[in-house]
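**Student:** Protein chains in written order, with my numbering: chain A, 189 to 699; chain B, 189 to 699. What follows is a single structure, and I will ask about it in a moment.
There are 2 protein chains.
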Amino acid sequence: MSTAALAGEGPLETVARAMAEVRALNGVLNLLSWDQETYMPPRGAAGRGEQLAAVEGAIHDRLTSPLLEESLSALEGAPGGEPDRALALRELRRDVARAVAVPGELVRAIARAQAEGHVAWTAAREEGRYSRFAPALDRLLSLRKEQAAALGPVLSRGGRGEPVEPYDALLDLSEPGMRVARLEPLFENLQGWLVPLLDRIVARPPPEDGFLKGRFEDAAQWRFTLELLELIGFDAKAGRQDRSVHPFTSGLDPGDVRVTTRIYEDRPLSAIFSTLHEGGHGLYEQGLPAEERLSVLGAAASFGLHESQSRLWENQVGRSLAFWRGALPRLSRHFPALGDVSPERFFRAVNRVERSPVRVDADEVSYNLHIVLRFELELSLFRGSLSVADLASAFDERSERLLGVRPKSDLLGVLQDIHWSYGLFGYFPTYTLGNLYAASLFAAAGRALPGLEEAIAEGRLLPLRDWLRRNVHEIGRRLTAEEIVRDAACTGLSDGDFRAYLERKYLVELA
Amino acid sequence: MSTAALAGEGPLETVARAMAEVRALNGVLNLLSWDQETYMPPRGAAGRGEQLAAVEGAIHDRLTSPLLEESLSALEGAPGGEPDRALALRELRRDVARAVAVPGELVRAIARAQAEGHVAWTAAREEGRYSRFAPALDRLLSLRKEQAAALGPVLSRGGRGEPVEPYDALLDLSEPGMRVARLEPLFENLQGWLVPLLDRIVARPPPEDGFLKGRFEDAAQWRFTLELLELIGFDAKAGRQDRSVHPFTSGLDPGDVRVTTRIYEDRPLSAIFSTLHEGGHGLYEQGLPAEERLSVLGAAASFGLHESQSRLWENQVGRSLAFWRGALPRLSRHFPALGDVSPERFFRAVNRVERSPVRVDADEVSYNLHIVLRFELELSLFRGSLSVADLASAFDERSERLLGVRPKSDLLGVLQDIHWSYGLFGYFPTYTLGNLYAASLFAAAGRALPGLEEAIAEGRLLPLRDWLRRNVHEIGRRLTAEEIVRDAACTGLSDGDFRAYLERKYLVELA
Numbered sequence: 189m190s191t192a193a194l195a196g197e198g199p200l201e202t203v204a205r206a207m208a209e210v211r212a213l214n215g216v217l218n219l220l221s222w223d224q225e226t227y228m229p230p231r232g233a234a235g236r237g238e239q240l241a242a243v244e245g246a247i248h249d250r251l252t253s254p255l256l257e258e259s260l261s262a263l264e265g266a267p268g269g270e271p272d273r274a275l276a277l278r279e280l281r282r283d284v285a286r287a288v289a290v291p292g293e294l295v296r297a298i299a300r301a302q303a304e305g306h307v308a309w310t311a312a313r314e315e316g317r318y319s320r321f322a323p324a325l326d327r328l329l330s331l332r333k334e335q336a337a338a339l340g341p342v343l344s345r346g347g348r349g350e351p352v353e354p355y356d357a358l359l360d361l362s363e364p365g366m367r368v369a370r371l372e373p374l375f376e377n378l379q380g381w382l383v384p385l386l387d388r389i390v391a392r393p394p395p396e397d398g399f400l401k402g403r404f405e406d407a408a409q410w411r412f413t414l415e416l417l418e419l420i421g422f423d424a425k426a427g428r429q430d431r432s433v434h435p436f437t438s439g440l441d442p443g444d445v446r447v448t449t450r451i452y453e454d455r456p457l458s459a460i461f462s463t464l465h466e467g468g469h470g471l472y473e474q475g476l477p478a479e480e481r482l483s484v485l486g487a488a489a490s491f492g493l494h495e496s497q498s499r500l501w502e503n504q505v506g507r508s509l510a511f512w513r514g515a516l517p518r519l520s521r522h523f524p525a526l527g528d529v530s531p532e533r534f535f536r537a538v539n540r541v542e543r544s545p546v547r548v549d550a551d552e553v554s555y556n557l558h559i560v561l562r563f564e565l566e567l568s569l570f571r572g573s574l575s576v577a578d579l580a581s582a583f584d585e586r587s588e589r590l591l592g593v594r595p596k597s598d599l600l601g602v603l604q605d606i607h608w609s610y611g612l613f614g615y616f617p618t619y620t621l622g623n624l625y626a627a628s629l630f631a632a633a634g635r636a637l638p639g640l641e642e643a644i645a646e647g648r649l650l651p652l653r654d655w656l657r658r659n660v661h662e663i664g665r666r667l668t669a670e671e672i673v674r675d676a677a678c679t680g681l682s683d684g685d686f687r688a689y690l691e692r693k694y695l696v697e698l699a
Numbered sequence: 189m190s191t192a193a194l195a196g197e198g199p200l201e202t203v204a205r206a207m208a209e210v211r212a213l214n215g216v217l218n219l220l221s222w223d224q225e226t227y228m229p230p231r232g233a234a235g236r237g238e239q240l241a242a243v244e245g246a247i248h249d250r251l252t253s254p255l256l257e258e259s260l261s262a263l264e265g266a267p268g269g270e271p272d273r274a275l276a277l278r279e280l281r282r283d284v285a286r287a288v289a290v291p292g293e294l295v296r297a298i299a300r301a302q303a304e305g306h307v308a309w310t311a312a313r314e315e316g317r318y319s320r321f322a323p324a325l326d327r328l329l330s331l332r333k334e335q336a337a338a339l340g341p342v343l344s345r346g347g348r349g350e351p352v353e354p355y356d357a358l359l360d361l362s363e364p365g366m367r368v369a370r371l372e373p374l375f376e377n378l379q380g381w382l383v384p385l386l387d388r389i390v391a392r393p394p395p396e397d398g399f400l401k402g403r404f405e406d407a408a409q410w411r412f413t414l415e416l417l418e419l420i421g422f423d424a425k426a427g428r429q430d431r432s433v434h435p436f437t438s439g440l441d442p443g444d445v446r447v448t449t450r451i452y453e454d455r456p457l458s459a460i461f462s463t464l465h466e467g468g469h470g471l472y473e474q475g476l477p478a479e480e481r482l483s484v485l486g487a488a489a490s491f492g493l494h495e496s497q498s499r500l501w502e503n504q505v506g507r508s509l510a511f512w513r514g515a516l517p518r519l520s521r522h523f524p525a526l527g528d529v530s531p532e533r534f535f536r537a538v539n540r541v542e543r544s545p546v547r548v549d550a551d552e553v554s555y556n557l558h559i560v561l562r563f564e565l566e567l568s569l570f571r572g573s574l575s576v577a578d579l580a581s582a583f584d585e586r587s588e589r590l591l592g593v594r595p596k597s598d599l600l601g602v603l604q605d606i607h608w609s610y611g612l613f614g615y616f617p618t619y620t621l622g623n624l625y626a627a628s629l630f631a632a633a634g635r636a637l638p639g640l641e642e643a644i645a646e647g648r649l650l651p652l653r654d655w656l657r658r659n660v661h662e663i664g665r666r667l668t669a670e671e672i673v674r675d676a677a678c679t680g681l682s683d684g685d686f687r688a689y690l691e692r693k694y695l696v697e698l699a
């Protein structure tokens with residue numbers, strides 16, 4: 189019914205149908221993943237693997253069908269129509285080119301190596317020995333290099349003619365158009381001022397946060413996270429929150445966006461900031477252009493831009509004094525013991541900075557140094573200047589240099605993240621891109637929305653959501669992430685706004 | 189990756205891969221449906237429709253791919269291999285033949301007419317007027333006749349050379365191999381003894397069930413339903429229970445089977461019997477042959493056989509005196525007010541028989557008369573001896589004749605079931621087949637398992653589950669439903685065991 193031609197169908201209809209089916213099947217993949225982490229019974233795992241592979245296969249079939257190629261070529265050869273049509277054709281061509289470029293054998297070899305890699309990584313963590321994981325990682329690295337070689341000829345338009353290298357091909361998968369040649373100087377600059385800033389902050393006495401000790405009842409935390417979602421404008425009719433071991437967001441469709449959280453009764457900040465983070469991702473998914481639901485343009489622009497939306501709500505909003513002026517009284521209704529804590533004290537407590545070897549627990553000052561570290565190591569692996577065998581010691585050495593702390597074990601060092609267990613290279617940088625974009629977008633929102641800080645303090649967050657919706661969410665994939673940020677914030681990729689944000693907060697407000 | 193050939197792949201691997209993908213994609217459809225009825229937010233409906241259609245399209249692509257046809261033909265032309273291989277090829281050929289037989293245009297026209305039909309049916313129910321629905325039903329009927337004509341040449345082997353007619357093609361979709369020529373005399377015989385039996389029972393005073401009035405707390409009912417699932421041997425690691433408006437079962441894989449229930453605080457029997465019913469379906473899904481998970485043979489044999497498994501646990505087990513000897517003390521732990529009700533009184537209360545125009549609430553005596561009624565009407569519509577315009581009055585007239593009650597409105601008559609809103613003809617008979625098969629299988633289990641009644645009274649239900657597993661579930665699609673029942677119970681399709689069951693219960697035990 190789908191890869192075959194329909195009677196009376198022209199190239200435009202064929203292309204539209206293929207796009208709609210690929211979008212719908214991507215929604216199906218997201219439901220399968222969501223269910224796997226929320227409600228799937230334990231013995232469903234084997235079947236789930238086959239279900240995911242079958243849907244991925246169906247997407248690959250759609251993108252590589254000869255009929256689609258023929259129709260797409262015909263339309264490309266006959267320009268015209270609305271401007272969005274040309275953009276959609278460009279983006280679809282990119283997806284098709286990628287699907288065609290990587291041989292099916294390689295796709296399957298990577299899938300197998302990922303499964304083996306994850307098993308080896310899990311075993312290595314149990315034994316606390318990186319060497320148990322190294323051979324599997326070596327295999328993944330060589331397959332990823334093959335994949336990069338296959339994808340090299342079909343990179344997204346980079347925009348500025350930067351030279352390319354193999355790592356660019358993987359980076360381009362997560363952040364279309366981004367290049368090592370842009371990231372290297374940016375990340376070098378970033379660590380140049382972040383390392384001394386971190387030194388300066390951790391030299392001060394840590395904030396007092398004794399009021400966060402004790403038991404914070406699960407059900408009350410749950411109710412407060414739902415209030416937070418409502419507060420930031422997450423549409424409960426077009427989404428829902430559930431629980432999972434690791435919080436995440438899964439967008440099936442702008443009308444069906446699932447966020448998850450986890451609750452620790454002895455650490456109340458965990459669920460709060462994870463909800464604001466996933467809620468930010470969720471707002472992006474709910475705000476994607478409804479009129480492009482069935483088009484390739486209806487998707488998010490990049491992982492980096494996605495992360496900017498989560499970080500903006502988590503950090504720029506959620507870790508601000510203004511926000512807690514409005515939110516602390518709400519929180520205290522659930523936890524009366526917090527009733528005599530001032531917003532200023534709470535603000536200090538949620539902005540504790542420390543040297544830790546672990547990325548996922550890192551504060552917003554040290555966080556990007558964890559990313560710089562991983563980016564440097566991945567790049568060295570791809571360039572051949574570092575071997576997989578030497579990765580653990582290189583990790584520890586760089587951790588000491590960048591973060592001022594040497595991991596006590598491989599578990600807290602090179603084995604800490606799940607990403608490499610699947611050979612996921614080129615993804616870490618998008619976290620930092622997200623942080624930088626978030627700072628630029630929030631600064632721009634502040635210029636565009638007079639009285640934003642007061643509004644936040646009063647719990648009126650919809651103007652900010654709507655500004656992001658108009659300037660970021662509704663653009664979908666029509667532009668690259670950097671183009672979107674440039675249009676919205678009059679700045680391309682830069683660490684300037686982020687630096688100003690951190691310095692104002694940590695050297696002025698929290699001085 | 190899927191409909192194209194892989195390097196080095198022979199016909200056997202191609203066929204195996206297609207079967208595995210179709211099975212996995214069917215599991216995906218079941219997840220999409222389950223989620224739609226349990227957790228999907230309201231605004232997800234539009235996207236869900238597209239997701240379902242895209243996965244159905246992918247299944248159709250797999251089944252109609254020229255590569256699969258070529259490989260399947262090659263294997264069919266070169267017999268050999270294990271016996272199961274020949275059976276799998278036969279069943280796969282049936283699925284392929286059906287997918288190829290119905291033109292894509294017709295498939296889409298039916299899908300559209302179903303959507304329109306459901307809207308018209310809903311509106312007709314709101315207005316309480318059948319005439320509002322009739323034109324849409326007429327359209328559905330004529331499309332279903334077209335579908336039947338297309339499917340006629342590829343009917344499943346019927347076994348006995350019965351003559352065929354158009355309605356058989358739809359019947360065959362739900363109950364492979366079944367024919368009108370078998371059902372007509374069977375249903376005629378059935379009503380011949382059911383109508384006087386019903387008359388006799390309703391002439392007696394109804395059982396006393398005042399102890400079922402009052403409020404039965406939701407949370408306690410929920411806990412009891414989970415106990416029931418555990419009691420009958422539903423594996424909680426390979427499935428789960430959730431809530432939905434209409435209870436149903438959705439099997440994604442033998443390791444992942446979802447059942448749902450609904451709870452009314454003023455009607456405690458509803459959740460109990462719906463849980464036993466869906467639990468029976470769930471046991472069938474969990475018991476399907478694990479070694480055929482990726483083969484077409486790993487699926488259930490028919491809807492009728494599926495219904496036999498739900499009805500056996502709901503009625504033969506759940507409405508027996510033995511069962512309540514064991515289960516009532518458990519139930520009373522949740523509802524102490526039931527502590528002084530005897531199992532005999534409870535047994536009488538759960539077997540109340542009455543004349544009602546509504547099928548879904550019907551007791552096990554009158555239930556099949558509702559099915560006879562619908563089967564007769566559907567057959568007349570297909571044979572052209574009844575017009576859609578006259579359906580409502582024919583419904584009321586037959587209801588009076590068979591059930592002794594004339595529906596007070598179209599809402600309680602011809603508009604009561606959702607099935608016709610989708611033009612689902614040929615499905616109703618499987619409910620009665622399920623009731624007959626359940627009686628035959630339960631009688632056979634009683635012969636094979638000495639002391640079964642005592643075991644049930646003691647709450648030891650695993651021997652029965654395991655007997656069904658060995659004799660029904662694990663056979664999958666290797667045999668037809670009737671062949672499975674014949675092997676297990678030494679009887680083919682017959683109402684003998686069912687009649688003996690009802691007469692023993694209602695004329696002896698409950699006399």
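Backbone N, C-alpha and C fix where the C-beta goes; we use that ideal spot for every residue, glycine too. Keep in mind that this is a model prediction, so the values were computed, not measured.
Would Y227(B) count as contacting chain A if we go by Cβ distances under 8 Å?
**Tutor:** So yes, Y227(B) belongs to the interface.
**Student:** For L219(B), I'd like the list of residues in its chain whose CB is within less than 6 Å of its CB, leaving aside the five on either flank, ordered along the chain.
**Tutor:** The residues are L440.
**Student:** If you measure between the beta carbons of W381(B) and R687(B), is that distance less than 8 Å?
**Tutor:** Against a cut-off of 8 Å, the Cβ pair of R687(B) and W381(B) comes out as a contact.
**Student:** For A208(B), go through chain A and note every residue whose CB falls closer than 7 Å to its CB, in chain order.
**Tutor:** Within chain A, the residues near A208(B) are E238.
**Student:** Please report the straight-line C-alpha distance between P394(B) and S458(B), rounded to a whole angstrom.
**Tutor:** Cα to Cα, P394(B) sits roughly 19 Å from S458(B).
**Student:** List the residues of chain A whose Cβ lies closer than 8 Å to the Cβ of A285(B), in chain order.
**Tutor:** Residues of chain A passing the Cβ test: none, with the nearest at roughly 16 Å.
**Student:** Which residues, taken in chain order from the region 413-445 of chain B, show a beta carbon closer than 9 Å to some beta carbon of chain A?
**Tutor:** Cβ contacts with chain A come from D423, A424, K425, A426, G427, R428, D430, L440, D441, P442, G443, D444 and V445.
**Student:** Mind checking whether L649(A) and G421(A) have CB atoms under 8 Å apart?
**Tutor:** In this structure, G421(A) lies closer than 8 Å to L649(A) by Cβ.
**Student:** With distances taken Cα to Cα, identify the nearest neighbour of I672(B) among S261(B), Q302(B), S490(B) and Y610(B).
**Tutor:** For the residues S261(B), Q302(B), S490(B) and Y610(B), the minimum Cα distance to I672(B) belongs to S490(B).
**Student:** Spatial neighbours of L695(B) within its chain, please: CB distance less than 7 Å, with the 5 preceding and 5 following residues excluded, ordered by chain position.
**Tutor:** Excluding positions up to five away in sequence, the list is empty.
**Student:** Output, in chain order, the set of chain B residues within a Cβ distance shorter than 8 Å of A219(A).
**Tutor:** The amino acid occupying residue 219(A) in the given sequence is Leu; Ala does not appear at that position. By Cβ distance, chain B contributes L219, L220, D223 and Q239.
**Student:** With 8 Å as the C-beta to C-beta threshold (strictly closer), list the residues of the region 481-495 of chain B near chain A in chain order.
**Tutor:** Answer in chain order: R481 and L482.
**Student:** Would a check of beta-carbon distances place A234(A) closer than 8 Å to chain B?
**Tutor:** Chain B, which has a Cβ nearer than 8 Å to the Cβ of A234(A), makes this yes.
**Student:** Whole angstroms are fine: how far does the CA of G237(A) sit from the CA of M189(B)?
**Tutor:** Low local confidence applies: a pLDDT of 42 at M189(B) is under 50, so the model's placement there is unreliable, and no value is given.
**Student:** Here's a check: name, in chain order, each residue in its chain whose Cβ is nearer than 8 Å to the Cβ of V260(A), leaving out the five neighbours to either side.
**Tutor:** Strictly speaking, residue 260(A) in this sequence is Leu, with Val absent from that position. For L260(A), where only same-chain residues beyond five positions count, the Cβ hits under 8 Å are P199, V203, L277, L280, R281 and V284.
**Student:** Strictly under 8 Å for the Cβ-Cβ distance: is A407(A) near chain B by that measure?
**Tutor:** Cβ-Cβ to chain B under 8 Å: no for A407(A).
**Student:** What number of angstroms, rounded off, separates the C-alpha of H661(A) from the C-alpha of P651(A)?
**Tutor:** Cα to Cα, H661(A) sits roughly 14 Å from P651(A).
**Student:** With a CB to CB cut of under 7 Å and the five nearest residues on each side skipped, what residues in its chain are close to H306(B)?
**Tutor:** Excluding residues within five positions, the ones whose Cβ falls inside 7 Å are S609 and Y610.
**Student:** Determine the contact status of L374(A) and L681(A), defining contact as a CB-CB distance below 8 Å.
**Tutor:** Result yes, Cβ atoms of L374(A) and L681(A) sit closer than 8 Å.
**Student:** Of all the options F563(A), P271(A), E642(A) and S587(A), which has the alpha carbon lying nearest to the alpha carbon of L371(A)?
**Tutor:** Nearest option by C-alpha distance: F563(A).
**Student:** Since L255(B) meets chain A, which of its residues come closer than 9 Å, beta carbon to beta carbon?
**Tutor:** In chain order: nothing, as chain A lies at least about 12 Å away.
**Student:** When burial is assigned at 16 or more other CB atoms within 10 Å of the CB, is V484(B) buried or exposed?
**Tutor:** V484(B) should be labelled buried.
**Student:** Helix or strand or just coil, what does DSSP make of R411(B)?
**Tutor:** Of the three classes helix, strand and coil, the one that applies to R411(B) here is helix, per DSSP.
**Student:** Please state whether the Cβ-Cβ distance between G427(B) and G470(B) is less than 8 Å.
**Tutor:** It is a contact, given that the beta carbons lie within the stated cut-off.
**Student:** 8 Å is my cut-off, CB to CB: does V447(B) come that close to chain A?
**Tutor:** Not an interface residue.
**Student:** What does the alpha-carbon distance come out to for the pair H522(B) and R513(B)?
**Tutor:** Answer to the nearest angstrom: the Cα atoms are 16 Å apart.
**Student:** If you scan the region 578-647 of chain A from start to end, which runs of the beta strand (DSSP E) of 3 or more residues do you find wholly inside it?
**Tutor:** Those beta strand (DSSP E) runs which fall completely within the region 578-647 of chain A and span 3+ residues do not exist here.
**Student:** I'd like to know if E473(B) contacts chain A, where contact means its C-beta is closer than 8 Å to some C-beta of that chain.
**Tutor:** Taking Cβ atoms only, chain A never reaches closer than 8 Å to E473(B), which makes this a no.
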